[in-house]
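Before any comments, here is the structure.
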Amino acid sequence: MADDTGPLRGHRIGQPATRIEGALKVTGAARFASDEAPANPAYAVLVTSSIARGRIRGMQLDAARAVPGVLDILTHANVGSEIKPPVGPDQGPTTGTLETDQIWHDGQIIGIVLADTFEAAQEAAASVVVDYAPEPPSATFDSPGAETEPKKENPQSPPPAKGDAAGAFAAAPVKVDVRYSTPTQHHNPMELFTTTCVWEGPRLIIYEPTQSMYGLKGAVAKQLGLDLANVRTISRYVGGGFGSR
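Throughout the sequence shown, residue numbering follows this note's numbering, covering 10 to 254 in sequence.
Structure below.
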């Protein structure tokens, strides 16, 4: 956090800032979600779709189940009927994970492999063979089969009604029409996309790199049928809102 005293108060651009967690991060002492070590953990690795649109005709799981240490494999076939509709703001997902055999996008979660070691879960997840019935994906509004929905008014985010942007742009003496491109960036995350869950009697403790701790708490409580008071979410380092950190 920056020192909020002195003549530069309120002016942060170009000024050094002291981060309260800085020393922990640069020395490797910061504890992230994957650093939690519960007793006798089970590890979960996701199986994701390799197509962008279609349906799952079948999944060959025998090779995955034969990997030593595998505890279970979750798919739409064995847990789909238990998935509840997602909860959250209008910007949230409209489908539930493992809900049906329908594929809506590339990389969609279509299976979860559980094992007594991370390595076994990884090996088993890579052994899952999926038989797809591909359908043409819709990547733009003009794609064949693409469906559009009329824009709805969001009472929480009313449209701004200030000034005349179109008129100002049309009357601007100078206009810049340029296409910019940026190179691929190589990322070195400090915290991976991991979640650690621990049961303490009837209470579920979730260590999660999230900015929406109460949203996660409510969604998990609804999916598992738990009292909201029995779900606790912990995110020690919130970080930025731009993806991996």
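Just so you know, even glycine gets a beta-carbon here, dropped at the ideal spot from N, CA and C.
On a predicted model such as this, the values are computed, not experimentally measured, just so you know.
Reduced DSSP category for residue 181 - H, G, I as helix; E, B as strand; rest coil:
coil
Grab me the residues of residue 233's own chain with a C-beta within less than 6 Å of its C-beta, minus the 5 sequence neighbours each way, in chain order.
none
Please name the residue in 247, 231, 240, 217 whose C-alpha comes closest to that of residue 45.
217
Taking the alpha carbon of residue 43 as the point to measure from, which residue in 87, 175, 128, 205 has its own alpha carbon closest?
205
Among 107, 197, 67, 78, which one has its Cα closest to the Cα of residue 91?
107
If you follow the beta strand (DSSP E) that residue 30 is in, where does it begin and where does it stop?
Note, residue 30: premise wrong, no beta strand (DSSP E); not H, not E.
Could you say which of 144, 187, 121, 116 lies nearest to residue 73 if we only look at CA atoms?
121
Beta-carbon proximity of residue 133 to residue 79, cut-off 7 Å:
yes
Can you list, in chain order, the stretches of the alpha helix (DSSP H) that have 4 or more residues and sit fully within the stretch 83 to 169?
85 to 88, 127 to 136
So, under 8 Å CB-CB, residue 65 and residue 143 are touching, yes? Tell me the CB distance rounded to an integer number of Å.
Actually they do not touch by this definition, with Cβ atoms about 11 Å apart.
Helix, strand or coil: how does DSSP classify residue 81 here?
strand
If you reduce the DSSP assignment to three classes, tell me which class residue 207 lands in.
strand
Which residue comes first and which comes last in the alpha helix (DSSP H) that contains residue 232?
222 to 233
Closest residue to residue 138 among 223, 57, 202, 211 (Cα-Cα distance):
57
Contacting residues, own chain, Cβ-Cβ under 7 Å from residue 244 (five flanking each side not counted)
217, 218, 219, 222
Taking the continuous beta strand (DSSP E) assigned at residue 62, which residues delimit it?
It is not in any beta strand (DSSP E) - residue 62 carries neither H nor E in the DSSP assignment.
Start and end residues, beta strand (DSSP E) containing residue 241:
240 to 243
Would you kindly report the start and end of the unbroken alpha helix (DSSP H) that includes residue 74?
71 to 74
Determine which residues share a DSSP beta bridge with residue 54 and list them.
122
Return helix, strand or coil for residue 237, following the three-state DSSP convention.
helix
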